[in-house]
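S.K.: Residues 57 to 341 in my numbering are what the sequence shown spells out, letter by letter.
No residue lacks a Cβ here, since even glycine has one placed at the ideal position from N, Cα and C.
Everything numeric in this text was worked out from a predicted model, so none of it was measured.
Right, I'll just put the structure down here and ask away after.
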Amino acid sequence: MIQSMTGFGKSIIQLPSKKITVEIKSLNSKSLDLNARIPSQYREKELQLRNKIARELNRGKVDFSVFVEVTGEETTAAVNPAVVKKYMKQLREISAGDETELLKMAVRMPDALKTEREEIDENEFRAIEEAVDEALREINDFRSAEGKALEDELEQRAGNILVLLKQVMAMDPERIAGVRERLQKGVADLKENVDQNRFEQELIFYIEKFDITEEKVRLENHMDYFIKTLNSADSNGKKLGFISQEMGREINTIGSKSNYAPMQQLVVQMKDELEKIKEQLLNVL
Numbered sequence: 057m058i059q060s061m062t063g064f065g066k067s068i069i070q071l072p073s074k075k076i077t078v079e080i081k082s083l084n085s086k087s088l089d090l091n092a093r094i095p096s097q098y099r100e101k102e103l104q105l106r107n108k109i110a111r112e113l114n115r116g117k118v119d120f121s122v123f124v125e126v127t128g129e130e131t132t133a134a135v136n137p138a139v140v141k142k143y144m145k146q147l148r149e150i151s152a153g154d155e156t157e158l159l160k161m162a163v164r165m166p167d168a169l170k171t172e173r174e175e176i177d178e179n180e181f182r183a184i185e186e187a188v189d190e191a192l193r194e195i196n197d198f199r200s201a202e203g204k205a206l207e208d209e210l211e212q213r214a215g216n217i218l219v220l221l222k223q224v225m226a227m228d229p230e231r232i233a234g235v236r237e238r239l240q241k242g243v244a245d246l247k248e249n250v251d252q253n254r255f256e257q258e259l260i261f262y263i264e265k266f267d268i269t270e271e272k273v274r275l276e277n278h279m280d281y282f283i284k285t286l287n288s289a290d291s292n293g294k295k296l297g298f299i300s301q302e303m304g305r306e307i308n309t310i311g312s313k314s315n316y317a318p319m320q321q322l323v324v325q326m327k328d329e330l331e332k333i334k335e336q337l338l339n340v341l
């Protein structure tokens, strides 16, 4: 079953003094393009988390975010009294103002607050990993649901092409008869005597150049392979894209050989269906 590259997953964990939210969203991309937004205290674990996500999602433009909200009294920031006092002294020398106002200005100055580097608690990080696993399960479920909708549409478009191909082949005898009639009329207009046997040989050779039987057989084979790949256990958007390119070659050849307006109209409809298939395949994992 195919999967979409579009998806979203979210998980929230509540620790004694923190609320941690993990979000993962993905869009289509030719390869894995992973962008991570992680608080600085978890940076040393970023590669480990990236590898976990890469193993699960394979392809797509992925945005991974970890948000931390402190809900308890715990904080790693503290006022730097010596620096604040020095700022206030300098401010008094510039302007004699209210002490409260000077203090407000001083604490906004550089280095007025000092932040101690927080060490990662292993239990806390295990909880974050579990949250990432839950978000990955959600995004994969989302991708599978989107993939089912894509699969239904792709099967419908492929079926439309096969219906149009049958109409093309049903029209083929009429087209060949028209080609033969035009050639015979052209010879008659020349008002020249021709060797009838030689004319028939040349006519057969000419008509064979317009024969689309091989293209029809190859297109049907490509369509069959496309459906089998679509229904296989693994999602492989790149492979489906390659098959659709081969389908396009056969449809284009049928169009160039048809030399018959009603048939060319059907070929245009086949091309339209194939373009819609290609557009949807851009979002298949």
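1) Let me check one thing: in DSSP terms, what residues is isoleucine 76 bridge-paired to?
2) Write down the C-beta distance between leucine 192 and isoleucine 80 rounded to the nearest angstrom, noting that I regard them as a contact closer than 8 Å.
3) Can you tell which of Val163, Ser67, Glu190, Asn136 has its C-alpha closest to the C-alpha of valine 124?
4) Any idea what DSSP makes of valine 163, helix, strand or coil?
5) Around the Cβ of aspartate 267, are there at least 16 other Cβ atoms within 10 angstroms (buried) or fewer (exposed)?
6) Spatial neighbours of methionine 165 within its chain, please: CB distance less than 6 Å, with the 5 preceding and 5 following residues excluded, ordered by chain position.
7) I want to know whether the stretch 283-293 touches the stretch 324-331 - three or more CB-CB distances under 8 Å.
8) To the nearest angstrom, how far is the alpha carbon of lysine 75 from that of lysine 108?
9) Counting C-beta neighbours from all protein chains within 10 Å, is the total for methionine 303 16 or more, i.e. buried, or is it exposed?
10) Does the stretch 149-156 come close enough to the stretch 179-192 that 3 or more CB-CB pairs lie under 8 Å?
11) Could you tell me the distance, in whole angstroms, from the CA atom of phenylalanine 198 to the CA atom of glycine 65?
12) In angstroms with no decimal places, state the Cα-to-Cα distance between valine 224 and leucine 210.
13) Going by the beta-carbon positions, is the gap between valine 340 and isoleucine 94 smaller than 8 Å?
14) For leucine 88, which residues does DSSP report across the bridge?
15) Please check the pair isoleucine 333 and serine 300, which I expect to be a contact at CB under 8 Å, by giving their CB distance rounded to whole angstroms.
16) Given a cut-off of 8 Å, decide if arginine 111 and alanine 92 are closer than it, judged by their beta-carbon atoms.
17) Could you pull the DSSP bridge partners for phenylalanine 64 from this structure?
18) How many Å lie between isoleucine 219 and asparagine 196 at the Cα?
19) Tell whether a beta-carbon distance below 8 Å holds between isoleucine 310 and glutamate 270.
20) Could you tell me the alpha carbon to alpha carbon distance between phenylalanine 282 and leucine 296, rounded to whole angstroms?
21) Given a cut-off of 8 Å, decide if serine 87 and methionine 61 are closer than it, judged by their beta-carbon atoms.
22) On the DSSP letters alone, give me the boundaries of the alpha helix (DSSP H) that valine 340 sits inside.
23) Using the Cα positions of glutamate 331 and proline 72, report the straight-line distance between them to the nearest angstrom.
24) So, under 8 Å CB-CB, asparagine 84 and glycine 63 are touching, yes? Tell me the CB distance rounded to an integer number of Å.
25) Could you please give me the residues that DSSP links to arginine 93 through a beta bridge?
26) Between the Cα of alanine 184 and those of Ile69, Tyr316, Lys294, spot the shortest distance and give me the residue it belongs to.
M.R.: In brief:
1) Translated into the one-based positions of the sequence shown, residue 76 becomes position 20. Isoleucine 76 pairs with Ile69, Val124.
2) In the sequence shown, the residue the question calls residue 192 occupies position 136. In the sequence shown, the residue the question calls residue 80 occupies position 24. Contact between leucine 192 and isoleucine 80 holds: CB atoms are separated by about 7 Å, below the 8 Å threshold.
3) The count along the sequence shown starts at 1 and reaches residue 124 at position 68. Per the Cα distances, Ser67.
4) As a working mapping, residue 163 is identified with position 107 in the sequence shown. Here valine 163 sits in coil by DSSP.
5) The sequence position of residue 267 within the sequence shown is 211, counting from 1. That one is exposed.
6) Stepping through the sequence shown from its first residue, residue 165 is reached at position 109. Excluding positions up to five away in sequence, the list reads Tyr143.
7) Segments in contact, no.
8) Taking the sequence shown and counting its residues from 1, the one referred to as residue 75 is at position 19. Taking the sequence shown and counting its residues from 1, the one referred to as residue 108 is at position 52. Take the alpha-carbon of lysine 75 and the one of lysine 108: they are about 22 Å apart.
9) Position 247 of the sequence shown, counting from 1, holds the residue named residue 303. Under this definition methionine 303 is a buried residue.
10) No contact exists between the stretch 179-192 and the stretch 149-156.
11) As a position in the sequence shown, residue 198 is number 142, starting the count at 1. As a position in the sequence shown, residue 65 is number 9, starting the count at 1. Going from the Cα of phenylalanine 198 to the Cα of glycine 65 covers about 8 Å.
12) As a working mapping, residue 224 is identified with position 168 in the sequence shown. As a working mapping, residue 210 is identified with position 154 in the sequence shown. Their Cα atoms are separated by approximately 21 Å.
13) For the purposes of this step, residue 340 is taken as residue 284 along the sequence shown, with counting starting at 1. For the purposes of this step, residue 94 is taken as residue 38 along the sequence shown, with counting starting at 1. Not a contact, by the Cβ cut-off of 8 Å.
14) In the sequence shown, counting from the first residue as 1, residue 88 sits at position 32. Leucine 88 is bridged to Gly116.
15) For the purposes of this step, residue 333 is identified with residue 277 of the sequence shown, where counting begins at 1. For the purposes of this step, residue 300 is identified with residue 244 of the sequence shown, where counting begins at 1. That belief holds up - the Cβ atoms of isoleucine 333 and serine 300 are roughly 6 Å apart, short of 8 Å.
16) Mapped onto the sequence shown, residue 92 falls at position 36. Mapped onto the sequence shown, residue 111 falls at position 55. The answer is no: Cβ separation not under 8 Å.
17) Position 8 of the sequence shown holds residue 64. Partner residues in the beta bridge of phenylalanine 64, as assigned by DSSP, are Lys81.
18) Along the sequence shown, one-based indexing puts residue 219 at 163. Along the sequence shown, one-based indexing puts residue 196 at 140. Correcting the residue type first, residue 219 is valine in the shown sequence and not isoleucine. If you take the alpha carbons of valine 219 and asparagine 196, they lie about 34 Å apart.
19) The residue labelled residue 310 in the question sits at position 254 within the sequence shown. The residue labelled residue 270 in the question sits at position 214 within the sequence shown. The Cβ atoms of isoleucine 310 and glutamate 270 do not sit closer than 8 Å to each other.
20) Walking along the sequence shown from the start, residue 282 turns up at place 226. Walking along the sequence shown from the start, residue 296 turns up at place 240. Rounded to the nearest angstrom, the gap between the Cα atoms of phenylalanine 282 and leucine 296 is 6 Å.
21) Taking the first residue of the sequence shown as position 1, residue 61 is located at position 5. Taking the first residue of the sequence shown as position 1, residue 87 is located at position 31. Contact flag unset, no.
22) Position 284 of the sequence shown, counted from the first residue, corresponds to residue 340. For valine 340, there is no enclosing alpha helix (DSSP H), since its DSSP letter is neither H nor E.
23) As a position in the sequence shown, residue 331 is number 275, starting the count at 1. As a position in the sequence shown, residue 72 is number 16, starting the count at 1. About 54 Å.
24) For the purposes of this step, residue 84 is identified with residue 28 of the sequence shown, where counting begins at 1. For the purposes of this step, residue 63 is identified with residue 7 of the sequence shown, where counting begins at 1. So it is not a contact: roughly 11 Å between Cβ atoms.
25) Counting from 1 along the sequence shown, the entry for residue 93 is found at position 37. The bridge partners DSSP lists for arginine 93 are Ser121.
26) Here residue 184 refers to the residue found at position 128 of the sequence shown. The displayed chain sequence assigns isoleucine, not alanine, to residue 184. Out of Ile69, Tyr316, Lys294, Ile69 has the C-alpha closest to the C-alpha of isoleucine 184.
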